[in-house]
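**Q** The structure is given below, and queries will be raised subsequently.
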Amino acid sequence: MSDDDPQERDPPALVCYRCGATAAFPDRQRCDCGEPLWFDASGRAGAFDWPDSKPAAGNRTGIGRYADLLPSEIAQRVEGVDGVAAAAGDTPLVRAARLDDAAGCTLWLKDERANPTGSFKDRGSAVGAAWVAGENAESGASAGVEKSTAAETVPSHAESGDSAWLGTVSHGNMAVSVAANAAGVGANALVLVPADIAPERLAAIAAYDPEVLCVAGDYGALYRETVESDTPVAFVNSDSPLRVAGQKTTALEICEAFARGDGAGGPEPPVPDAIVLPVSSGGHASAAWKALRELENAGLLGADDSEESSAPSRPRLYLVQAAACDPIARASRDGADEVTPLTDPGETVAYSIANPDPPSGTRALAAARETGGAVVSVPDEEILDAKDLLATEAGFAVEPSSATALAGIRTLSESGAIGSEEHAVAVLTGRGFGVAEGQPEQAGVETVALADVRDRLREIV
Ligand SMILES: [Zn+2]
Numbered sequence: 183m184s185d186d187d188p189q190e191r192d193p194p195a196l197v198c199y200r201c202g203a204t205a206a207f208p209d210r211q212r213c214d215c216g217e218p219l220w221f222d223a224s225g226r227a228g229a230f231d232w233p234d235s236k237p238a239a240g241n242r243t244g245i246g247r248y249a250d251l252l253p254s255e256i257a258q259r260v261e262g263v264d265g266v267a268a269a270a271g272d273t274p275l276v277r278a279a280r281l282d283d284a285a286g287c288t289l290w291l292k293d294e295r296a297n298p299t300g301s302f303k304d305r306g307s308a309v310g311a312a313w314v315a316g317e318n319a320e321s322g323a324s325a326g327v328e329k330s331t332a333a334e335t336v337p338s339h340a341e342s343g344d345s346a347w348l349g350t351v352s353h354g355n356m357a358v359s360v361a362a363n364a365a366g367v368g369a370n371a372l373v374l375v376p377a378d379i380a381p382e383r384l385a386a387i388a389a390y391d392p393e394v395l396c397v398a399g400d401y402g403a404l405y406r407e408t409v410e411s412d413t414p415v416a417f418v419n420s421d422s423p424l425r426v427a428g429q430k431t432t433a434l435e436i437c438e439a440f441a442r443g444d445g446a447g448g449p450e451p452p453v454p455d456a457i458v459l460p461v462s463s464g465g466h467a468s469a470a471w472k473a474l475r476e477l478e479n480a481g482l483l484g485a486d487d488s489e490e491s492s493a494p495s496r497p498r499l500y501l502v503q504a505a506a507c508d509p510i511a512r513a514s515r516d517g518a519d520e521v522t523p524l525t526d527p528g529e530t531v532a533y534s535i536a537n538p539d540p541p542s543g544t545r546a547l548a549a550a551r552e553t554g555g556a557v558v559s560v561p562d563e564e565i566l567d568a569k570d571l572l573a574t575e576a577g578f579a580v581e582p583s584s585a586t587a588l589a590g591i592r593t594l595s596e597s598g599a600i601g602s603e604e605h606a607v608a609v610l611t612g613r614g615f616g617v618a619e620g621q622p623e624q625a626g627v628e629t630v631a632l633a634d635v636r637d638r639l640r641e642i643v
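Below is the structure:
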């Protein structure tokens, strides 16, 4: 694939989507202009074509399938990784015709629950794990990272040895995902959680034996703390270049399935009209935009209908937030160029996407605008309605944050932004922690004695 001489290769290049400035990975995560950096794969993307065949056992599975769209050094590591990181991605894309009426369009569901730890986060964590596994391999497990005085802030772990560290700031899906993927490559994991983390969440994270650090104080400020820190931990936060490199595979898989016409339930157009994502930090949205840009660069999508191209026009990206905490949607409504942090966020059932100061918010806003989409917000009642619809009419049990995608599609259909003849893909980002609240009686479920079961069945059926 690559004829780079490993002795002379350059570090992977990062580029700013907004000002075009470049930097070397892993020295930087953000540009001097303030915006996040992502990998520059423009040289390789131009020659990209869909892989010849579906994944085979042990060969270019999951995210490795699109390694040609990564800088060569990252690509080599992603293609070489095994274990749980190789199990990320390649999730089902299915039609859900029973929900078409409710959605107001032809509805497709991208089921990200099928990832190893139950959410799309595994796509980004897998690339992060592949990177640190490569660091270990290159340095003979001396981690290939500069030891600095700041390293003393990393807790000593019983089995840390000289292995590299993969870290994240999360108390949800991302924490579980980073811990699992680090374990899968024999790296150390560092997970920074808030001091008031729920016990069941802590247990779910601890199952993979990461180093967990509870942090008292402003948890929201930790993102920048870790980006600017000088520790030997490779932090894969919400919108870090490694994470975006992995998360762009969600959109790549959707576009490939439509291009091949092999989504379950065809016939279908060669490209969906709309891809609809919940948005929090803006990392996944940025990644989807990057995927579409790279497919355009490769000639697999046309930028718009007017362009002289035989490729189908690219999908529009729609992003959805909970109304109680919707800084990106507000900026979209106001016609602002930048996202302003919210100082007065409210509570929402979709708390895992409630980010009042999204680090890639402005990039996500650009993603929606540049693709002809929009950013909308939906109230909690509509999120819960969508969650119920997904479970009771289609059998998909997802967390409220995932259900915002369908709630957003309903809003967009009602406004005419998504037409009734159009094909829209709702990305169901994760299953959540599945913690049942309350006793069965409290949830309206009756309890019956064994001796009464037959009588009760006759009454019910
Ligand atoms: Zn910049």
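Add 182 to a position in the sequence shown, counting from 1, and you land on the number used in my numbering.
By construction, the Cβ of each residue, glycine as well, lies at the ideal position given by its N, Cα and C atoms.
Please determine, among Gly517, Val531, Ala536, the residue with the shortest C-alpha to C-alpha distance to Leu524.
**A** The residue given as residue 524 occupies position 342 in the sequence shown. Checked all of Gly517, Val531, Ala536; the closest Cα to Leu524 is Ala536.
**Q** Helix, strand or coil: which one does DSSP assign to Gly555?
**A** Counting from one through the sequence shown, the residue named residue 555 turns up at place 373. In this structure, Gly555 counts as coil in the three-state DSSP scheme.
**Q** Please name the residue in Glu478, Asp526, Asp293, Ala427 whose C-alpha comes closest to that of Val260.
**A** Taking the sequence shown and counting its residues from 1, one reaches residue 260 at position 78. Nearest of Glu478, Asp526, Asp293, Ala427 to Val260, Cα basis: Ala427.
**Q** Considering only the beta carbon of each residue, do Glu604 and Asp455 sit closer than 8 Å?
**A** On the sequence shown, residue 604 is found 422 positions in, with the first residue counted as 1. On the sequence shown, residue 455 is found 273 positions in, with the first residue counted as 1. It is a contact, given that the beta carbons lie within the stated cut-off.
**Q** For Pro414 and Ala511, I'd like the C-alpha separation in whole angstroms.
**A** Within the sequence shown, residue 414 is the residue found at index 232, counting from 1. Within the sequence shown, residue 511 is the residue found at index 329, counting from 1. Each residue's Cα considered, the two are about 36 Å apart.
**Q** How big is the Cα-Cα spacing for Leu372 and Ser495?
**A** Taking the sequence shown and counting its residues from 1, the one referred to as residue 372 is at position 190. Taking the sequence shown and counting its residues from 1, the one referred to as residue 495 is at position 313. Approximately 42 Å between the Cα atoms of the pair.
**Q** Within 10 Å of its beta-carbon, does Gly555 have 16 or more other beta-carbons around it, so buried, or fewer, so exposed?
**A** Here residue 555 corresponds to residue number 373 of the sequence shown, with the count starting at 1. Classification for Gly555: buried.
**Q** Taking all protein chains shown into account, do 16 or more other C-beta atoms lie within 10 angstroms of the C-beta of Pro582, making it buried, or fewer, making it exposed?
**A** For the purposes of this step, residue 582 is identified with residue 400 of the sequence shown, where counting begins at 1. Taking all protein chains shown into account, Pro582 has 16 or more neighbouring C-beta atoms within 10 Å of its C-beta and is therefore buried.
**Q** Around the Cβ of Ser597, are there at least 16 other Cβ atoms within 10 angstroms (buried) or fewer (exposed)?
**A** For this step, residue 597 is matched to residue 415 along the sequence shown. It is exposed - the Cβ of Ser597 has fewer than 16 other Cβ atoms within 10 Å.
**Q** Does the segment 400–416 come into contact with the segment 284–299, if we say contact requires no fewer than three beta-carbon pairs (one atom in each stretch) closer than 8 Å?
**A** no
**Q** When we look at the beta-carbon of Val635 and count the other beta-carbons within 10 Å, is it buried (16 or more) or exposed?
**A** Numbered from its first residue, the sequence shown carries residue 635 at position 453. Per the 10 Å Cβ criterion, exposed.
**Q** Residues in the same chain with beta-carbon distance under 6 Å from Ser542, minus the five sequence neighbours each way, listed in chain order, please.
**A** To locate residue 542, count along the sequence shown from 1; it is residue 360. Excluding sequence neighbours, Ser542 sits near Pro218, Asp421, Ser463, Gly464, Gly465, Ser468.
**Q** Am I right that Ala308 and Ala606 are in contact with their C-beta atoms under 8 Å? What's the rounded C-beta distance?
**A** Locating residue 308 in the sequence shown gives position 126, where the first residue counts as 1. Locating residue 606 in the sequence shown gives position 424, where the first residue counts as 1. The pair is not a contact, with the Cβ atoms about 27 Å apart (cut-off 8 Å).
**Q** So which of Asp282, Pro274, Arg475, Thr350 has the shortest CA-CA distance to Ala311?
**A** Residue numbering aside, residue 311 sits at position 129 when the sequence shown is read from its first letter. Of the listed residues, the one whose Cα sits closest to Ala311 is Thr350.
**Q** On the DSSP letters alone, give me the boundaries of the beta strand (DSSP E) that His605 sits inside.
**A** Residue numbering aside, residue 605 sits at position 423 when the sequence shown is read from its first letter. Looking at the DSSP string, the run of the beta strand (DSSP E) that includes His605 is 605–610.
**Q** Tell me whether Ala203, by its Cβ, gets closer than 7 Å to a heavy atom of ligand 1.
**A** In the sequence shown, counting from the first residue as 1, residue 203 sits at position 21. Answer for Ala203: yes, Cβ within range of ligand 1.
**Q** Counting pairs of Cβ atoms below 8 Å between the segment 563–577 and the segment 431–441, do you hit three or more?
**A** In the pairwise beta carbon analysis, the segment 563–577 is classified as not touching the segment 431–441: fewer than three pairs are separated by under 8 Å.
**Q** Would you call the CB atoms of Trp220 and Tyr199 closer than 8 Å?
**A** Taking the first residue of the sequence shown as position 1, residue 220 is located at position 38. Taking the first residue of the sequence shown as position 1, residue 199 is located at position 17. Yes, these two residues count as a Cβ contact at 8 Å.
**Q** For Pro194, collect the residues of the same chain with a Cβ closer than 7 Å to its Cβ; drop the 5 residues on either side in sequence, then sort them by chain order.
**A** Looking up residue 194 in the sequence shown gives position 12. Excluding residues within five positions, the ones whose Cβ falls inside 7 Å are Phe207, Phe221, Pro253, Glu255, Ile256.
**Q** With a threshold of 7 Å, establish whether the CB of Arg200 neighbours any heavy atom of ligand 1.
**A** Stepping through the sequence shown from its first residue, residue 200 is reached at position 18. Yes, ligand 1 has a heavy atom inside 7 Å of this Cβ.
**Q** Roughly how many angstroms lie between the CA atoms of Arg475 and Val453, to the nearest whole one?
**A** Residue mapping note: residue 475 aligns to position 293 of the sequence shown, counting from 1. Residue mapping note: residue 453 aligns to position 271 of the sequence shown, counting from 1. If you take the alpha carbons of Arg475 and Val453, they lie about 14 Å apart.
**Q** Does the beta carbon of Glu217 fall short of 7 Å from some heavy atom of ligand 1?
**A** Here residue 217 corresponds to residue number 35 of the sequence shown, with the count starting at 1. The answer is yes for Glu217.
**Q** Using DSSP with H/G/I as helix, E/B as strand and the rest coil, what is Glu341?
**A** By one-based count along the sequence shown, residue 341 stands at place 159. Confidence is the limiting factor: at Glu341 the pLDDT is only 46, short of 50, which leaves the residue's position unreliable, though a coordinate-based value still follows. The answer is coil: DSSP assigns Glu341 none of H, G, I, E or B.
**Q** With a 10 Å radius around its C-beta and 16 neighbouring C-beta atoms as the bar for buried, classify Thr204 as buried or exposed.
**A** As a first step, residue 204 is located in the sequence shown; it is residue number 22 there, counting from the start. When all chains shown are included, Thr204 counts as exposed.
**Q** Let me know the secondary structure DSSP gives Thr204 once reduced to three states.
**A** Position 22 of the sequence shown holds residue 204. It is a strand residue.
**Q** Can you pull the DSSP bridge partners for Phe221?
**A** On the sequence shown, position 39 is the one that residue 221 refers to. DSSP, once it has assigned bridges, lists Leu196 as partnering Phe221.
**Q** Quick check: is any heavy atom of ligand 1 less than 7 Å from the C-beta of Cys507?
**A** The sequence position of residue 507 within the sequence shown is 325, counting from 1. Flag unset: Cβ of Cys507 not near ligand 1.
**Q** Considering only their Cβ atoms, is the gap separating Leu501 from Leu459 smaller than 8 Å?
**A** For the purposes of this step, residue 459 is taken as residue 277 along the sequence shown, with counting starting at 1. For the purposes of this step, residue 501 is taken as residue 319 along the sequence shown, with counting starting at 1. For Leu459 and Leu501, yes; Cβs fall inside 8 Å.
**Q** If you drop the 5 nearest sequence neighbours on each side, which residues of the same chain put their C-beta closer than 8 Å to that of Thr586?
**A** Indexing the sequence shown from 1 puts residue 586 at position 404. Cβ within range, chain order: Pro460, Val502, Gln503, Ala504, Ala532, Ile535, Val560, Ile565, Ala568.
**Q** Leaving out the 5 sequence neighbours to the left and right, which residues in its chain are closer than 6 Å to Glu520 when beta-carbon positions are compared?
**A** Here residue 520 corresponds to residue number 338 of the sequence shown, with the count starting at 1. The answer, listed in chain order, is Thr544.
**Q** Restricting to Cα atoms, I'd like to know which of Thr273, Ile591, Pro423, Ala513 is closest to Arg212.
**A** Numbered from 1 along the sequence shown, position 30 holds the residue referred to as residue 212. Among Thr273, Ile591, Pro423, Ala513, the Cα nearest to that of Arg212 is on Pro423.
**Q** Just curious, the alpha helix (DSSP H) that Lys430 is in, first and last residue?
**A** Along the sequence shown, one-based indexing puts residue 430 at 248. Counting along the chain, Lys430 falls outside any alpha helix (DSSP H), and DSSP gives it neither H nor E.
**Q** Under 7 Å from any heavy atom of ligand 1, does the C-beta of Cys213 make it?
**A** Locating residue 213 in the sequence shown gives position 31, counting from the first residue. For ligand 1, at least one heavy atom lies less than 7 Å from the Cβ of Cys213.
**Q** Hey, Asn419 and Thr408: beta-carbon distance below 8 Å or not?
**A** Counted from its first residue, the sequence shown places residue 419 at position 237. Counted from its first residue, the sequence shown places residue 408 at position 226. Taking 8 Å as the Cβ cut-off, Asn419 and Thr408 qualify as a contacting pair.
**Q** Going by the DSSP bridge assignment, what does Asn370 pair with across the sheet?
**A** On the sequence shown, residue 370 is found 188 positions in, with the first residue counted as 1. Note: Asn370 sits in a beta bridge opposite Trp347.
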